[in-house]
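Peer 1: Just dropping this structure here.
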Amino acid sequence: MNTSAASPALAQIAGVPLLALPQDLYIPPDALSVFLETFEGPLDLLLYLIKRQNLDILDISITDITAQYLAYMELMTALRWELAADYLVMAATLAEIKSRLLLPRASTVDEPSADDLRASLIARLQDYARFKQAAIELDARPRLERDLFTVHAAPPPGAVQRKLPNVDLQDLVAALHEVWTRVDHLTQHRITRESLSLRERMAEVLNQLSDGMTHHFNALFDYREGRAGVVVTFLALLELLKSNLLELRQTAPFAPIQVQLRIASLPTPIIADDHASA
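Under my numbering, the first residue of the sequence shown carries the number 1387, and numbering increases by one thereafter.
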């Protein structure tokens, strides 16, 4: 008969049960601290032993639970693990209750009875079980506003957030009227007739805005070209805006309109084949 098969395995290594410790194996005292991390204290270990047997806390058998607790202590002592003081105190308490239950004696005023000690231990276990369950439920709650907090930065007192107005068609027409007025003041009589290309003017505007800087709307017009040049340049700007290659900005109502090349867009090749007659 194989007696080693009946003894419990201390561990399993590569699926093979380890029934006895090697004779030449040295385990430092702090090498098995994982046992202490498994349970948060003697009450946690005692609660684990009760739940493993599917017992009710109110109906636990002090004799059985004491035997299991002491067996666990002996196992860790055999593995050269230094027991904490609170574990040893719980073991002494269980042993005292067990001895008083096995050997009943008349209780005195100064000495509590076994039933009182058992009731006190059960009350402590119930309180610990409630707090442990509450900790589990709290840990399962969302981390936001508990471990992580959203940042709310309020503006300083007296700060006014100014909303930039949108550039609409009326503002664009008003800016064009201002340019037109300046052209009338600087108009020169021309005898020759020029042929202005809309595609070429679009390419010139893109080349002028290719530096990535913001330009005034008025700076894109050459007043020496007269009304015809203004019209062609304005049509070129409208075509580029339609193609989503430019963007207009205005820092305040009635402020000068600014023109800038869109950063995310790349101008497509423009073929100079459409002409507008001056």
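Ideal Cβ positions, reconstructed from N, Cα and C, are used throughout, including at glycine.
Pairs of beta-carbons, one from the region 1605-1622 and one from the region 1527-1536, closer than 8 Å: are there three or more?
Peer 2: Too few Cβ pairs lie closer than 8 Å, so no.
Peer 1: Quick check on the burial criterion: 16 or more other C-beta atoms within 10 angstroms. Buried or exposed for A1406?
Peer 2: So A1406 counts as exposed.
Peer 1: Going by the DSSP bridge assignment, what does I1399 pair with across the sheet?
Peer 2: Partner(s): V1402.
Peer 1: If L1647 sits next to S1596, beta carbons under 8 Å apart, how far is it from one beta carbon to the other, in whole angstroms?
Peer 2: With 8 Å as the limit, L1647 and S1596 qualify as a contact, their Cβ atoms being about 7 Å apart.
Peer 1: Beta strand (DSSP E) containing S1447: first to last residue?
Peer 2: S1447 -> no beta strand (DSSP E), and no H or E assigned at all.
Peer 1: For Q1556, name the three-state secondary structure that DSSP assigns.
Peer 2: Here Q1556 sits in helix by DSSP.
Peer 1: I'd like to check one pair, L1474 with I1448: are the Cβ atoms closer than 8 Å?
Peer 2: No.
Peer 1: For V1645, list the residues DSSP reports as bridge partners.
Peer 2: Paired residue(s): H1601, L1634.
Peer 1: Among Y1514, A1500, D1525, L1623, which one has its Cα closest to the Cα of L1432?
Peer 2: Answer by Cα proximity: Y1514.
Peer 1: Note down the Cα distance separating A1539 from Q1644, rounded to an integer number of angstroms.
Peer 2: The alpha-carbon atoms of A1539 and Q1644 are separated by roughly 32 Å.
Peer 1: Express the C-alpha separation of L1404 and A1397 in angstroms, rounding to a whole number.
Peer 2: Between A1397 and L1404, the C-alpha separation is close to 5 Å.
Peer 1: What would DSSP say about S1629, mapped onto helix, strand or coil?
Peer 2: Reduced to three states, the DSSP call for S1629 is coil.
Peer 1: In chain order, what residues of the same chain lie with their CB nearer than 8 Å to the CB of L1558, ignoring the 5 residues before and after it?
Peer 2: So the qualifying residues of the chain are L1634, I1643.
Peer 1: Taking the DSSP output, what are the residues bridged to L1530?
Peer 2: Answer is L1534, bridged to L1530.
Peer 1: Along the alpha helix (DSSP H) that carries S1485, what are the first and last residues, could you check?
Peer 2: Unbroken alpha helix (DSSP H) run through S1485: 1471-1488.
Peer 1: Measuring straight from C-alpha to C-alpha, what distance separates V1553 and Q1636?
Peer 2: So the alpha carbons of these two residues sit roughly 7 Å apart.
Peer 1: Determine, using beta carbons only, whether I1483 and L1456 come nearer to each other than 8 Å.
Peer 2: No, the Cβ-Cβ distance between I1483 and L1456 is not below 8 Å.
Peer 1: By how many angstroms is the C-alpha of E1460 removed from the C-alpha of V1402?
Peer 2: Whole-angstrom Cα-Cα distance: 24 Å.
Peer 1: So what does DSSP say about S1596, is it helix, strand or coil?
Peer 2: Looking at S1596 - three-state DSSP - the assignment turns out to be coil, as it is neither helix nor strand.
Peer 1: Leaving out five residues on either side along the sequence, give the residues of the same chain with a beta carbon under 8 Å from the beta carbon of D1450.
Peer 2: So the qualifying residues of the chain are Q1439.
Peer 1: On a CA-only basis, which of D1430, Q1519, Q1512 is nearest D1442? Give me that one, please.
Peer 2: It is Q1512 whose Cα lies nearest to the Cα of D1442.
Peer 1: Could you tell me which residues DSSP pairs with S1499 in its beta bridges?
Peer 2: Paired residues: none, contrary to the question.
Peer 1: Where R1568 and F1603 are concerned, what is the direct C-alpha to C-alpha distance, given to the nearest angstrom?
Peer 2: Taking the straight line from one Cα to the other gives about 13 Å.
Peer 1: Is L1441 helix, strand or coil when you go by DSSP?
Peer 2: Reduced to three states, the DSSP call for L1441 is coil.
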